[in-house]
Structure formats: structure tokens, C-alpha cells
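Visitor: Here it is: the structure, laid out below.
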Amino acid sequence: MIDIDNHKIVDIIESRKDSDIAAWLKTFPNLELVSRDGALCYRNAINETNKDIVQVTDRFHLLKNLTTYCKDFLIKKFNKFIYLNKKEEDLKEIKIQEKYKLFVRKKILEKSKNDICKDLEIPSKIYKQFEAKYHEEKPKIKIRKTELSKIQNYNNKLEIVEQAKAFNAKGYNFIQIAKVLNIDYRTVKKYIAPDFILKNSRNRISNLKFYDAIITSNINKGITVASTFRILVKEGYTGSYSNLKSYCRRFKDNNYNPDKIVTKNKIEIKNVIKLLYQSY
């Protein structure tokens, strides 16, 4: 509890129960304004203390919520890339070709028609067009064993999460669900939380990230991985050649466009979103 006028700590309440907070607040009958986060326990406690007290969102959570809403809007409004100085028909063609590339990868991973249509947000008519083109071209994309292993592990974990939620809906407690699924009860608690989202992989920062500028420049110039490796070693890189080779392959998978649709005047939406977190 902090005095919002002088920013000094007034007290620390070792509880989040409405009744405990309300009891403490009632010891300050002169309260007129309270700045708080979004927790309902604080709202309820303040209302129970005195409904005339004005409640406002604290600055941190106000800015955080605003940024989150803006981020969600941008993701929903725009595709992965924003193209500048392009006609409407060009943008439609770009969007179709990008979705077809995603379609190919999902098709190779043996995703169902329903899953593909849902993930790519395409109707059955477009799916049939993509499928016809797919069988005509017979594209081959090599899926590495590590990638397939990650997909399998993700699917297995997703099944456990869904089972945990199903048991919780039936009234099972954390301990009971943990015993049935043979996992820790704290993991169960995490899985059934309303805001839990299962991520496909952990975000790890490679030491090659420090040499992104050199690697990107060399790939665009067509310089071989072996030559790039020798350059990086001189720059202080201490990792292995195979690690660099895998890194370059992933970079090409994510950035190289075989159809040469557009390479200029293209902004990735994630870079636009980063602007929301910059200080000005």
C-alpha cells in the first residue's frame, strides 16, 4: 500500500482476501481516491469499505492494457507483412501466394482439411484450388526430424492440457488430476488457468544473434556458409559450423521467397508492433 501523493510505503498487507483488505482500508476513513490494478479483490474491498471512494487504474496497467489492445488490433487487422506502394490487386495476389506456401507446409505435415482452413482462414473453394495446384506442382519441402519431433511433443502436451481441463470441468481437484495424468499438481494448476497458452517451443537466444547483420548480408550476397563461418570466427564466434549451417537454413526458410513476390517496401508486422514498446 503506497501513498500516491508522496510515493512512500504505508503498509504491506499479507493477504488478497476481500475481507482482510476491507478491514485494513476501514482504518483510513479519510480515503477519497485509490489507484489500483485490475484485481477484483481490491475493487470489492474498496466497495465494501466505502462506495464513494473513487477508483482509478494505475498508470502501469493502464499503459499495459492499452498496448495490449493495440497489439491485438494490429495482429487482427494486418497480415504478417505490410506492403507499401502496392495496388489492391497486387496485395490480394501476394496474400494468396503467402497462404499457399503455408498450405504446402501444413499439407506435408498431414494436417486435416478443417485444420488448414481454420488456421489459414480460407474457404473450401480456395482449399480446393490450393490442393489442385499442390498435386500439379508436387512441391517437396524437407521437414527435419527435430521439427517433426517438436510437433509431436507439442501435440502430446496439448492432449494432456485438454485432458486436465476436461477433468477440472468434471470437478476433479489438482491432486486428483495430477495422479490420473501422472504429472505434478503445480503443472495441473498452470494448465487449467484461464490465461494459459501452450507454446510450441521455448524462445532461446542463439549466440549467432550477435552476428545477424553479417549473416544476413552474406546470405543476400550468396556467400557460402563455409566462408561466413571463417568470417565469424575472426569476429569472435566460438560456436560450431553445424550450428551456423542450421541457423542459415532456418533464416532462409523464414525469409527467402522462392517466387520473388516482393522484396522491397515490405514491413514485417512484428517490427510495427515493436514501436508500441519504444520510449519517446
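Every letter in the sequence shown is one number past the one before it in the numbering used here, and letter 16, counting from 1, is 250. Even glycine gets a Cβ: it sits at the ideal position worked out from N, Cα and C.
#1: Can you check which of these residues, 357, 260, 291 and 398, is closest to residue 412 by C-alpha distance?
#2: Considering residue 502, what are the terminal residues of the alpha helix (DSSP H) in which it resides?
#3: Buried or exposed: residue 509, going by 16 or more other Cβ atoms within 10 Å of its Cβ?
#4: So is residue 337 buried or exposed if we call it buried at 16+ other beta carbons inside 10 Å?
#5: Just the C-alpha distance for residue 494 and residue 332, rounded to the nearest angstrom, thanks.
#6: With distances taken from CA atoms, which of 266, 270 and 301 is nearest residue 285?
#7: Between the C-alpha atoms of residue 401 and residue 312, what's the straight-line distance to the nearest angstrom?
#8: I think residue 442 touches residue 453, with their Cβ atoms under 8 Å apart; what is that distance to the nearest whole Å?
#9: Hey, out of 257, 294 and 506, whose CA is closest to residue 309's CA?
#10: Helix, strand or coil for residue 394 per DSSP?
#11: Judging by CA-CA distance, which residue of 472, 471 and 281 is the nearest neighbour of residue 520?
#12: Reducing DSSP to helix, strand and coil, say where residue 289 ends up.
#13: Can you tell me which of the three DSSP states residue 426 falls into?
#14: Evaluate residue 304 with the Cβ neighbour count: other Cβ atoms within 10 Å of its Cβ, from every protein chain shown; 16 or more gives buried, anything less gives exposed.
#15: CA-CA distance, residue 278 and residue 299?
#16: Return yes when the Cβ of residue 328 is within less than 8 Å of the Cβ of residue 501, no when it is not.
#17: Jot down the residue ranges of each uninterrupted beta strand (DSSP E) in the region 274–351, minimum 3 residues, whole runs only, in chain order.
#18: Report the CB separation of residue 244 from residue 236 in whole angstroms; it is logged as a contact under 8 Å.
#19: Distance, Cα to Cα, residue 368 vs residue 481?
#20: What alpha helix (DSSP H) runs, 4 residues minimum, are completely inside the region 439–474?
#21: From 250, 371 and 307, pick the residue whose C-alpha is nearest to that of residue 271; which is it?
#22: Return the residue from the list 297, 263 and 424 that minimises the CA-CA distance to residue 287.
#23: Hey, which unbroken runs of the alpha helix (DSSP H) at 4 residues or more fall wholly within the region 238–271?
#24: Cβ atoms of residue 445 and residue 466: under 8 Å apart, would you say?
#25: Return the CA-CA distance between residue 474 and residue 455, expressed in angstroms with no decimal places.
#26: Are the CB atoms of residue 471 and residue 301 within a distance shorter than 8 Å?
#27: So the alpha helix (DSSP H) residue 513 belongs to, where does it begin and stop?
#28: Please report how far the alpha carbon of residue 429 lies from the alpha carbon of residue 388, in whole angstroms.
Guide: Let me lay it out:
#1: 398
#2: Per DSSP, residue 502 belongs to no alpha helix (DSSP H); it is in the beta strand (DSSP E), 500–502.
#3: exposed
#4: buried
#5: Low confidence applies to residue 494: its pLDDT is 43, below 50, so where it sits in the model is not reliable, and the reading given next is rough at best. Near 11 Å, if we compare the C-alpha coordinates of residue 332 and residue 494.
#6: 266
#7: 38 Å
#8: The Cβ separation is near 12 Å, so there is no contact.
#9: 506
#10: helix
#11: The requested residue 520 does not occur in the structure, where the chain is confined to residues 235 to 514.
#12: strand
#13: coil
#14: exposed
#15: 21 Å
#16: no
#17: 288–291 and 315–317
#18: 6 Å
#19: 28 Å
#20: 446–455 and 459–468
#21: 250
#22: 263
#23: 252–259
#24: yes
#25: 22 Å
#26: no
#27: Here residue 513 belongs to no alpha helix (DSSP H), and DSSP marks it neither H nor E.
#28: 18 Å
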